[in-house]
Amino acid sequence: MKLDISSIKGNELEGKKILLCITGSVSSMESPRIARELIKHGADVIPVLSRSASKLIGSQLLHWATGNEVITSLTGKMEHVQLANGGNNSVDLILIAPCTSNTIGKIAQGISDDSISTICTVALGSDVPIVIASGMHEPMYDNPILQNNISLLQKYGVTFVSPLIENNKAKMANFDDIFNEILSKLFIQDLANTNILITTGPTIEKIDPVRVITNNSSGKTGLALANEAKKRGANVTLIYGDGRESPPTSIRTIRVSTSQQLLDVTIDELSNHNYDFYIASAAPSDFRILDPSPEKISSREKNSFNIQLEAYPKIINSVKKISPTTKLIAFKALFDSDSTNVSKSISEIFNDSRADYVIVNDVSRKDAGFASDYNELTMFTSDHDSVNFPYNTKKKLSKSIFDHIVKNLT
Ligand SMILES: Cc1cc2nc3c(=O)[nH]c(=O)nc-3n(C[C@H](O)[C@H](O)[C@H](O)COP(=O)(O)O)c2cc1C
C-alpha cells in the first residue's frame, strides 16, 4: 500500500514487502514508528500483532501507520503459508520488533501456536529472512535458556539486532541498526567495508546576491548510485550540490553550493578519510565569476553589463594526487555535437586525471540525462574499451554500473 510518506526518506526498500511482527513488550510502543520509517524508505509494511501485544497497542493505530489490515490471528486464508512461503505473494522479509523472550523461545523450539510463531515456522522452512530485534529487562535477556535459543536460531540463519544494554535493560535496537540489518539481508553485500565518495548535482555561482549561473543537473544519478552502494553494504558519503532532491537520511550527505566549496570539501574528504572509490557525477560550474556584485544589480541603472569568468581547476585532476589508491570513476556530460569528439575528450580526461573509468552521457537528449529519471551511458576504460549501458532508469543503471565495478575493480 502506497502512503503519502512512502519513500520520502529514500527508496532503498522500494518494491519490498516486510512483515512487521509485534510481540508483547514495552518496546511495542516503538513499532508504529518503525513501520512508518520503513515506509519512508520505500517498503510496504504488513503488521502482525501477538495477543499480548494487542493489549499494549491497538490494531487501529497500526492500520493507520501502515495502510494495511492488521493480522491478529490466522484464518482460512492461510496467512502463514501465503505470506512466508517465498512465493509470489510472500513477503521479502520478516521483522519481529520488538520480540519477546517467549516468542524467541517458541520459534527456536518449533512451536507454532499463534500467528507469529506459525509464520516463522514456515519462513524457516522457505528461507524467507527473519530479523529479530528483542527488547526486555536485562535479567530476562541474560537467561541462559534465552541465550541458547538465540544461538540456535542464529545457527538456522535468523539475524538478531543486538539490543542496547542500558539501566538494567536490554532495550530494543534503534531504527538505524535495524534498517542496516534489513538491507544486509535483502541485498548482496558485495560492497561491505568499502568507502565510497560520490559527488552529484549542480553548483551555483553568484552574479549578485539574488542571481546565479547554474545548470539543469538534478543530482539524481549520484543519488541513485549512493542508494545502490548503500544497499550493497558500502559506507557512502555524498557531496550534493544545489539540487532539489532529498538524499536518503541513511547516507552521510554534505551539502555544497559553489564549485569552490565542492573542491574544498572533496579535498578535505580525500585527505582525511580512506576512500576506495571516488565517483564524480556532479555537474559543477566549470567557471567562477571573477567579480560578483555585492549588491543586487538594478536594470534601471544598467542597460547591460559584462560578467568575466575564469575556469576552475578540474576537481577530478586532484583525486589521484591526494589519494593515489582511490579508484576514480568520472562522469562526462557531452552535448550533441561533442559526441563526434568523444574519443579526444575521453583521452584528455584519462591523461589529466588518471581515471579508472570514464562514463559518458549525452545531455542534449530530451528523454534522458539532466533532471530525468532515465539515461543511457557508455563506460570507457583507459585503453578505450567500452561497455554500453542501454537506456534505462537511473536506478537500474546504477545497479549495472556497480555490478561492473565489483567484477572489475574490487
Ligand atoms: C506491560 C508488559 C511489558 C512486557 N514487556 C516485555 C518485554 O519487554 N520483553 C519480554 O520478553 N516480555 C515482556 N512482557 C511479557 C510478555 O508480554 C509475555 O511473556 C507474553 O506471554 C509474550 O507473548 P508474545 O510473545 O506472544 O507477545 C511484558 C508484559 C507486560 C504485561
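Mapping to the numbering used here: the sequence shown position 256 is 238, numbers consecutive. From the three backbone atoms N, C-alpha and C, an ideal C-beta is built for every residue, glycine too.
Going by beta carbon distance, what residues of the same chain come within less than 7 angstroms of P145, once the five residues before and after it are set aside?
Taken in chain order, the residues that qualify are S116, G117, Y123, A152, K153, M154, A155.
Inter-residue CB distance, I112 and I86 (contact presumed, cutoff 8 angstroms)
Contact annotation, I112 with I86: C-beta distance approximately 11 angstroms; criterion of less than 8 angstroms not satisfied.
N-terminal and C-terminal residue of the alpha helix (DSSP H) that Y222 is part of
In the DSSP assignment, Y222 falls outside any alpha helix (DSSP H) and within the unbroken beta strand (DSSP E) covering 217 to 222.
Please list the terminal residues of the continuous beta strand (DSSP E) segment that includes D344.
Unbroken beta strand (DSSP E) run through D344: 339 to 344.
Taking DSSP as the reference, what is the three-state secondary structure of T82?
T82: coil per DSSP, three-state reduction.
Ranges of the beta strand (DSSP E) found wholly within the region 283 to 313, counting only runs of at least 3:
DSSP runs (the beta strand (DSSP E)) wholly in the region 283 to 313: 291 to 293.
Whole-angstrom distance between V324 and T363, CA atom to CA atom
So the two alpha carbons sit approximately 13 angstroms from each other.
Rounded separation between S354 and S200 - CA only:
Spanning the two alpha carbons is a distance of roughly 8 angstroms.
Taking the CB atoms as reference points, tell me whether P184 and T176 lie closer together than 8 angstroms.
Using a Cβ distance threshold of 8 angstroms, P184 and T176 do not count as a contacting pair.
Using the Cβ count rule (16 or more neighbours within 10 Å means buried), how would you classify E396?
Any question about residue 396 goes unanswered here, given that the chain covers just -17 to 392.
Looking at the strands, I want to know which residues DSSP matches up with S(-12).
Within the DSSP secondary-structure output, S(-12) pairs in no beta bridge.
Along the alpha helix (DSSP H) that carries E187, what are the first and last residues, could you check?
E187 -> not in any alpha helix (DSSP H); beta strand (DSSP E) instead, spanning 187 to 190.
Near ligand 1: D96 beta-carbon under 7 angstroms from a heavy atom:
Answer for D96: yes, Cβ within range of ligand 1.
Terminal residues of the beta strand (DSSP E) in which F259 lies
Unbroken beta strand (DSSP E) run through F259: 259 to 265.
Residue from S275, L245, N288 with nearest C-alpha to D268
It is L245 whose Cα lies nearest to the Cα of D268.
Taking the DSSP output, what are the residues bridged to G183?
BP columns for G183 point to A264.
Beta-carbon gap between A79 and S72 smaller than 8 angstroms:
Going by C-beta atoms, A79 is not nearer than 8 angstroms to S72.
Range covered by the alpha helix (DSSP H) that runs through D385:
Where D385 is concerned, the enclosing alpha helix (DSSP H) stretches over 376 to 391.
Say yes only if the C-beta of M11 is nearer than 7 angstroms to one or more non-hydrogen atoms of ligand 1, and no if none qualify.
Result no, Cβ not under 7 angstroms from ligand 1.
Among R270, G225, D367, P230, which has the Cα closest to the Cα of S263?
When each option's Cα is compared against that of S263, the closest is G225.
Runs of alpha helix (DSSP H) wholly within the region 48 to 117 (minimum 4 residues, chain order):
If we require 4 residues or more, the alpha helix (DSSP H) runs fully inside the region 48 to 117 come out as 61 to 66, 83 to 90, 97 to 108.
I'd like to confirm something about L38: is its beta-carbon nearer than 7 angstroms to some heavy atom of ligand 1, or not?
Relative to ligand 1, the beta carbon of L38 is positioned inside 7 angstroms of a heavy atom.
Could you check where the beta strand (DSSP E) with E210 kicks off and where it finishes?
First-last for E210: 202 to 213, but that is the alpha helix (DSSP H), not the beta strand (DSSP E).
Would you call the region 308 to 319 and the region 279 to 287 touching, i.e. three or more CB-CB distances under 8 angstroms?
Proximity of the region 308 to 319 to the region 279 to 287 falls short of the contact definition, fewer than three beta-carbon pairs being nearer than 8 angstroms.
Going by DSSP, what residue range makes up the alpha helix (DSSP H) through V27?
For V27, no alpha helix (DSSP H) encloses it; the enclosing beta strand (DSSP E) starts and ends at 26 to 31.
Using a Cβ-Cβ cut-off of 7 angstroms (strictly less than) and excluding sequence neighbours within five positions of N256, which residues of its own chain qualify?
A distance below 7 angstroms between beta-carbons, with the five flanking residues on each side excluded, links N256 to the following residues of its chain, in chain order: N177.
Are three or more beta carbon pairs between the region 162 to 169 and the region 235 to 249 nearer than 8 angstroms?
Taking 8 angstroms as the limit for Cβ pairs, the verdict is that the region 235 to 249 does not touch the region 162 to 169.
Beta-bridge partners of Y398, as assigned by DSSP:
Residue 398 falls outside the range modelled here, since the chain spans only -17 to 392, and no answer is possible.
First and last residue of the alpha helix (DSSP H) that includes T240?
Annotation for T240: no alpha helix (DSSP H) segment contains it, and DSSP assigns it neither H nor E.
Does any heavy atom of ligand 3 sit closer than 7 angstroms to the C-beta of S83?
Looking for ligand 3 in the displayed structure turns up nothing; the ligands present are ligand 1.
When DSSP labels each residue in this structure, what does F332 get in the three-state scheme?
Secondary structure at F332: helix, using DSSP grouped into helix, strand and coil.
Report the three-state DSSP secondary structure of V140 (helix, strand or coil).
Residue state, collapsed to three classes: coil.
Can you pull the DSSP bridge partners for L2?
P29, L77, per the DSSP bridge assignment.
Check F157 in the structure and name its three-state DSSP category.
DSSP places F157 within a helical segment (H, G or I) once states are collapsed to three.
To the nearest angstrom, how far is it from the Cα of I114 to the Cα of T141?
Those two C-alpha atoms are separated by around 6 angstroms.
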